[in-house]
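Take a look at the structure set out below.
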Amino acid sequence: MLISYQWLKEYIQLDDLTPEEAAEKLTLHGVEVDAVHHKGEDITNLVTGRVVSCAQHPDADKLSLCQVDVGEADPVQIVCGAPNVAEGQDVAVARVGGRLPGGMKIKRAKLRGQVSEGMICSLQELGWEGKVVPKKYSEGIFVFPEPVVPGMDAKPLLGLDDTILELDLTPNRSDCLSMLGTAYEMAAVLDREVKLPDPQIVPSAEETAAYIRVDVQSPAANPYYGALMLRDLQVGESPLWLQTSLMAAGVRPLNNIVDITNYVLLEYGQPLHAFDYDQFGSEKVVVRQAQEGETMTTLDGEERTLNAHHLVITNGTKPTAIAGVMGGSDAEVEDATTNVLLEAAYFDPGVVRYAQRDLGIRSDSSIRFEKGVDPNRTAEAGRRAASLMKQLAGGEILAEPSEHDTLHRQPLELDVSLARINRALGTSLTIEEVSAILKRLQFPAEQTDEDLLAVTVPTRRQDIAIEPDIVEEVARLYGYDNIPVTLPNTPATQGGLSLEQKKKRQVRRFLESCGLHEAVSYSLTTEEKEAPLVPENRLRVPVALPMSEDRSSLRTTLVPHLLDALSHNKNRSRQHVSLFEIGSVFFTEEEEITRQPDERTYAAGAMMGLWEEHAWQGEKKPVDFFVLKGVLEGLAAELQIDAVFEAAERPGLHPGRTAVIKNGGRIIGTAGQLHPDTAAAWSLPETYVFELDLQYLLEQQAEVMKYVPIPRYPAVDRDIALVVDTHVSAADMKQVIEEAGGDLLDSASVFDVYEGEHVEAGKKSVAFTLKYLDRGRTLTEEDVTAVHENILAALNKQTGAVLRG
Amino acid sequence: MQERLQELQDEAVKQVADADTLQELEEVRVRYLGKKGPITEVMKSMGRLSKEERPAVGAKANEVRGRVQELIEEKEQTLREAAVTKQLEEERIDVTLPGRPVSKGAGHPLTSVVETIEDVFTGMGFQVAEGPEVETDYYNFESLNLPKHHPARDMQDTFFVTSDLLLRTQTSPVQTRTMEQHEGKGPVKIICPGKVYRRDEDDATHSHQFMQIEGLVVDEGIRMSDLKGIFEAFVKSYFGEDREIRLRPSFFPFTEPSAELDISCAMCGGSGCRTCKGTGWIEVLGSGMVHPNVLRMGGFDPEKYSGFAFGMGVERFAMLKYGIDDIRHFYTNDTRFLEQFTRV
Chain A
7 MLISYQWLKE YIQLDDLTPE EAAEKLTLHG VEVDAVHHKG EDITNLVTGR
57 VVSCAQHPDA DKLSLCQVDV GEADPVQIVC GAPNVAEGQD VAVARVGGRL
107 PGGMKIKRAK LRGQVSEGMI CSLQELGWEG KVVPKKYSEG IFVFPEPVVP
157 GMDAKPLLGL DDTILELDLT PNRSDCLSML GTAYEMAAVL DREVKLPDPQ
207 IVPSAEETAA YIRVDVQSPA ANPYYGALML RDLQVGESPL WLQTSLMAAG
257 VRPLNNIVDI TNYVLLEYGQ PLHAFDYDQF GSEKVVVRQA QEGETMTTLD
307 GEERTLNAHH LVITNGTKPT AIAGVMGGSD AEVEDATTNV LLEAAYFDPG
357 VVRYAQRDLG IRSDSSIRFE KGVDPNRTAE AGRRAASLMK QLAGGEILAE
407 PSEHDTLHRQ PLELDVSLAR INRALGTSLT IEEVSAILKR LQFPAEQTDE
457 DLLAVTVPTR RQDIAIEPDI VEEVARLYGY DNIPVTLPNT PATQGGLSLE
507 QKKKRQVRRF LESCGLHEAV SYSLTTEEKE APLVPENRLR VPVALPMSED
557 RSSLRTTLVP HLLDALSHNK NRSRQHVSLF EIGSVFFTEE EEITRQPDER
607 TYAAGAMMGL WEEHAWQGEK KPVDFFVLKG VLEGLAAELQ IDAVFEAAER
657 PGLHPGRTAV IKNGGRIIGT AGQLHPDTAA AWSLPETYVF ELDLQYLLEQ
707 QAEVMKYVPI PRYPAVDRDI ALVVDTHVSA ADMKQVIEEA GGDLLDSASV
757 FDVYEGEHVE AGKKSVAFTL KYLDRGRTLT EEDVTAVHEN ILAALNKQTG
807 AVLRG
Chain B
214 MQERLQELQD EAVKQVADAD TLQELEEVRV RYLGKKGPIT EVMKSMGRLS
264 KEERPAVGAK ANEVRGRVQE LIEEKEQTLR EAAVTKQLEE ERIDVTLPGR
314 PVSKGAGHPL TSVVETIEDV FTGMGFQVAE GPEVETDYYN FESLNLPKHH
364 PARDMQDTFF VTSDLLLRTQ TSPVQTRTME QHEGKGPVKI ICPGKVYRRD
414 EDDATHSHQF MQIEGLVVDE GIRMSDLKGI FEAFVKSYFG EDREIRLRPS
464 FFPFTEPSAE LDISCAMCGG SGCRTCKGTG WIEVLGSGMV HPNVLRMGGF
514 DPEKYSGFAF GMGVERFAML KYGIDDIRHF YTNDTRFLEQ FTRV
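Residue numbers (our numbering), protein chains in the order written: chain A, 7 to 811; chain B, 214 to 557.
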């Protein structure tokens, strides 16, 4: 809402405050003022002028040579390019040495050989936005609608000495979508009086009913409909004060009748509608639900298809307006209009909200009705508009408006307890202090008990429904700054992270310490993006009306967006990038979603390029499968979880360089190299990825660690090199060794793998270090040899391994 | 014989002086002091001397032996020091060359902000609660006093999955879920960080996905003055001791009274600058006393219990803290951006 400070001053005395001071008070105690705009602050030397003659420029088709009286002895010559400039016009002239918005400085100039001493201005050049400039002046200079004396300061005439307060209203404060509502608010904040308009009507003898009657068929949706009848009006341009008032509020002036309905809408917050009575084409206003599929063309030229939830104003046969939202193009008030049917009505907020959403129209009218207008000012706003119309457009107002009236106007009464106010706020206010605040708000209150006030809530404040709403009114006017600062008196609570939350942080820290940067990406993605990496026919959770195709369903894997990120970095010459992400993925088992999906926390990573590099020492270690595996083994150790890697094939990954990770037989993740085709699809080089069901890992309870005594007797190491078929895995060999090794074998670890020269084709050499240990005594050579032979025999039998000669 | 000893000593002195290496020196030692060396020879042949001569020659022989021994030891010390010095000189490196990088990844700035704020609040006795990102209409709206068709629903344009399921537009649904778990008994002291979603076109200041942290305190006798106390402690701990706070009236459907929390602008110290749009204040979070309907729907009796709630945007905090000007940076995962937070 844009509030003209000058207009606001018609209702409240503000001469002793700057607009900034008023704005600050309003922000701290009432509604937020987002900005304070000083209209015309950068305009200087702008005067009224009269075009005494206007001739064609001798050397330019589109320019005119004007002699303009600017209140001095001789007129000045101004070259003007506007198509609408003409002799006899009163115009706004920026004189030489003056300034216009945007820092433009007016200089004496020569245009195609002709001297120009100043500039005749358009409203846009004076800083008004194009959308509020009357159509008549939008393509040329502004012309004063009434004669003005040349040489006067033009700024006040054009509202360019005004200040605009831009209110950022929360949805509850629709009462401030009006000058009066804002004035009440300002008055409460400053503890001042409000001066209200008092519309007086002197009606003609003729009665409205002779021309128009009202038939409301949906009284719940339209509890009040007032039809005022005005005859013999002169439609034309509004006086300048009215036009500048509207423009200051961001509304484009049209003609005096429409402008008055808009003026009263802004003043009272009560939308009105003026119909051309003769075009309306009937003597009866019928308000009813629309028929299914009924169509009408609204003022904006759009054809609208309606249904039975819509409320329409009709002439008995066809709709002429969508109630509270927008009028139709058929009965618009135009220059030729002489008789006006003026509607002042109360429409149910829900009905208007429905229409607004369903039709996608948000008009100045609908945004007020949807919040509920003041039922006690509807009829008054109609009278206010009618009296202004008579004043500005002549004609007569007919007696006894036609009405349908089943409107509830009773204000709400609330019992408010002083003790509860103080308990809620932590204050120690007295009943007198609270009463004084309520008086500032003009909320009538009566003390009914030592602790109790019966408060009457004016109907203009539709947002106030329960006692805590009054508590808020008291609190904000008392001043949030004046509320003391305390700490809760709650019993001591055990704050902190849960075990899972702590472990999640531990995972982050571990992966960071391994050199991976944490990424955060979007949860919304597409099926296509995931397709290369997930099993076919995986069910997804789509959003009903996606904003764009690439954010149409929820992710089931974190990997694709990490690949996007690698690709983004690679395109910016970042070749060595390792990222991880922890976030939710979403699974469903339903074709048609009815339940909340299974939402699981996953961790994923993607790595490309060099893992380690020490340039001047010539060392470069690219990321490979074992770098990836090392990170994951470290992570498993950090979480004290067993992780077994088994060769596997997975969509989008290299069939020979991929493993699933198992814990107690359950698959908890995947690790591997991207399939070259997948890498190519993201334009990536050799890239390694992993994804873990982190939630499962976090839920596992690690066993309490038990200390194992440091051995007191020495261990014996034996190295063996074995030749086996290449397909035999190290894990299989190790398993055989451990089974055959019994209690004396402490550990077995691979220290060399070799294929090539000196090893038969199809075979490889795998070397293990076996560590033997007896915690109770020193091992003898015989002890070790017995077990060692046993292991070699088992290896030979189960894997075909032979000692390398 | 004494002359012979003197000669030997002179020779030995010269040879010690000429020895350039430890090995040469050792040879000199063996040559003169060894069991078959000339001094020993002299000592052995002393038997042939007269009783009168013996003491003098013996003394001289010992003196020469001692002298040579001493010289060799001195020389040995010198040579050893020279050898070490030489070795050290040869081992000299250019310590200004770059060290071997130990790669250290960075936490995402949004996570860093969340963790820091979690730490501040857990230190004040809060727990961290979490909830689902795909929520029901009931938890996201209705239980928060936003019945269907409530105008304030427009403030949060929603991604619906079905007519009843949606991507949560706020972390507030975790309030109701947590209150339900407490089965009507206080105290509840939680903060709830998480991702939320709204139908906004992504630009420098809007993102269809962003992060919030919600906070809730419910117990008997909680007052608005307590909310000010907690905020003051939080702001001073997170933003610094010298920051001032102020509350302004606002509106949220789930709180009454509602307040916006401003902190004094760090850029200008409150005198007004571009960052604070000339006001001297920066808006950091929305808050208020929990609406009785919300308490009721969470299973708490509003006659007995009261509480306050607050919600803050994590991106906004990160942008304020690090001076980031475009919200999209958080979701692009450009390492030139991410790496900068290694130090955080």
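From the three backbone atoms N, C-alpha and C, an ideal C-beta is built for every residue, glycine too.
Residue i: CB within 6 Å of a non-hydrogen atom of the ligand ADP
i                 : result
Leu-23 of chain A : Judged by which ligands are present, the structure shown has none, so any question about the ligand ADP falls away.
Best match in the options for proximity to residue i [C-alpha to C-alpha]
i                  : options                                       : result
Val-730 of chain A : A:Lys-769, A:Met-110 and A:Ala-385            : A:Lys-769
Ile-437 of chain A : A:Thr-176, A:Val-57 and A:Glu-452             : A:Glu-452
Ile-540 of chain B : B:Val-347, B:Pro-322 and B:Ile-403            : B:Pro-322
Glu-596 of chain A : B:Gly-501, B:Glu-303 and B:Thr-375            : B:Thr-375
Ala-211 of chain A : A:Ile-427, A:Lys-668, A:Pro-417 and A:Glu-406 : A:Glu-406
Leu-6 of chain A   : A:Arg-368, A:Asp-370, A:Ile-319 and A:Glu-376 : No answer is possible for residue 6 of chain A: the residues shown for chain A start at 7 and end at 811.
Val-808 of chain A : A:Lys-777, A:Val-734 and A:Leu-750            : A:Val-734
Tyr-535 of chain B : B:Leu-498, B:Ala-479 and B:Thr-291            : B:Ala-479
Leu-260 of chain A : A:Thr-304, A:Glu-340 and A:Pro-277            : A:Glu-340
Arg-546 of chain A : A:Lys-535, A:Arg-557, A:Arg-561 and A:Asp-556 : A:Arg-561
Ser-371 of chain A : A:Leu-278, A:Cys-520 and A:Gly-670            : A:Leu-278
Whole-number beta carbon distance between residue j and residue i, since they are thought to touch under 8 Å
i                  : j                  : result
Val-74 of chain A  : Gly-55 of chain A  : 4 Å
Thr-676 of chain A : Glu-697 of chain A : 6 Å
Arg-114 of chain A : Val-76 of chain A  : About 14 Å; that fails the 8 Å criterion.
Leu-431 of chain A : Ala-351 of chain A : No, Leu-431 of chain A and Ala-351 of chain A are not in contact; Cβ-Cβ is about 40 Å, not under 8 Å.
Cβ of residue i within 7 Å of any chain A Cβ
i                  : result
Leu-429 of chain B : no
Met-437 of chain B : yes
Asp-539 of chain B : no
Arg-461 of chain B : yes
Phe-550 of chain B : no
Arg-244 of chain B : no
Arg-278 of chain B : no
Below-7 Å beta-carbon distance, residue i vs any chain B residue
i                  : result
Val-583 of chain A : yes
Arg-258 of chain A : no
Ile-599 of chain A : yes
Arg-580 of chain A : yes
Gly-485 of chain A : no
Arg-426 of chain A : no
Leu-69 of chain A  : no
Gln-701 of chain A : no
Where residue i falls, given that 16 or more other Cβ within 10 Å makes a residue buried
i                  : result
Asn-275 of chain B : exposed
Asn-353 of chain B : buried
Phe-632 of chain A : exposed
Lys-576 of chain A : buried
Ser-263 of chain B : exposed
Trp-622 of chain A : exposed
Asp-380 of chain A : buried
Met-711 of chain A : exposed
Asn-488 of chain A : exposed
Arg-381 of chain B : buried
Asp-350 of chain B : buried
Leu-440 of chain B : buried
Extent of the continuous beta strand (DSSP E) to which residue i belongs
i                  : result
Gln-282 of chain B : Gln-282 of chain B -> not in any beta strand (DSSP E); alpha helix (DSSP H) instead, spanning 266–303.
Val-759 of chain A : 751–760
Asp-630 of chain A : Taken as a continuous stretch (DSSP letters only), Asp-630 of chain A belongs to no beta strand (DSSP E), as it is neither H nor E.
Met-259 of chain B : Element bounds for Met-259 of chain B: n/a, residue is neither H nor E.
The alpha helix (DSSP H) enclosing residue i, as first and last residue numbers
i                  : result
Ala-736 of chain A : 736–747
Gly-356 of chain A : 355–365
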